[in-house]
Amino acid sequence: ALERTFSIIKPDAVAKNVIGAIYNRFESAGLRIVAAKMIHLSQQQAEGFYAEHKERPFFGALVEFMTSGPVMVQVLEGENAVAKNREIMGATNPADALAGTLRSDYAASIDENAVHGSDAPESAAREIAYFFSDEEVCSRTR
Ligand code: CMP
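Per the UniProt record's numbering, residue 2 is the first one in the sequence shown, and the count goes up by one each step.
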């Protein structure tokens, strides 16, 4: 099905100057960027976005990392966009990520793992709405 997913290029990958390289992976796989912006997350924005992880031991480090520098947030659209983006990203821990995936190529650790992607269409809708208004998404489905 034609889907949308939400993606973050995290501070480590922005600092490595690989935004374009990562966008090329999305586009080469048939995903379209239908909304995008660069932002430096506030602590409140990062805590709200990752609220489901609030009780996890890595929450403090996650929020600190995600606010350490600018990120690119984008909406990707295409056939099976959620699963396709997860395939492009590779496993959360780069040590487990298949060769040729973004985390294998660009991530240093499970904490600094280059990209985020929604894990299901429901979380994609919530995550997109967290960062973009309807008018900011230039989707062919609306
Ligand atoms: P992300 O997809 O952005 O969602 C939460 C992030 O927490 C995850 O990527 C990882 O970068 C980070 N993280 C750190 N430790 C863990 C862990 N043990 N399990 C899952 N995520 C972790």
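Ideal Cβ positions, reconstructed from N, Cα and C, are used throughout, including at glycine.
Do GLY91 and SER105 count as a contact pair if the criterion is CB distance below 8 Å?
Their beta carbons are under 8 Å apart, which means SER105 touches GLY91 by this criterion.
Could you check where the alpha helix (DSSP H) with GLU4 kicks off and where it finishes?
No alpha helix (DSSP H) holds GLU4; the beta strand (DSSP E) holding it covers 3–10.
Hey, ASN86 and GLY118: beta-carbon distance below 8 Å or not?
In contact: ASN86 and GLY118 (Cβ atoms closer than 8 Å).
Which value, in whole angstroms, describes the spacing of the CA atoms of PHE27 and ILE34?
Roughly 8 Å between the two C-alpha positions.
To the nearest whole angstrom, what separates the beta carbons of ALA14 and ALA115, a pair I think is in contact under 8 Å?
The Cβ separation is near 4 Å, so the contact holds.
Compare the beta carbon distance of ALA121 and ARG5 with 8 Å and say whether it is the shorter of the two.
It is not a contact, given that the beta carbons lie outside the stated cut-off.
Would you call GLU78 buried or exposed, if buried means 16 or more other Cβ atoms sit within 10 Å of its Cβ?
Classification for GLU78: buried.
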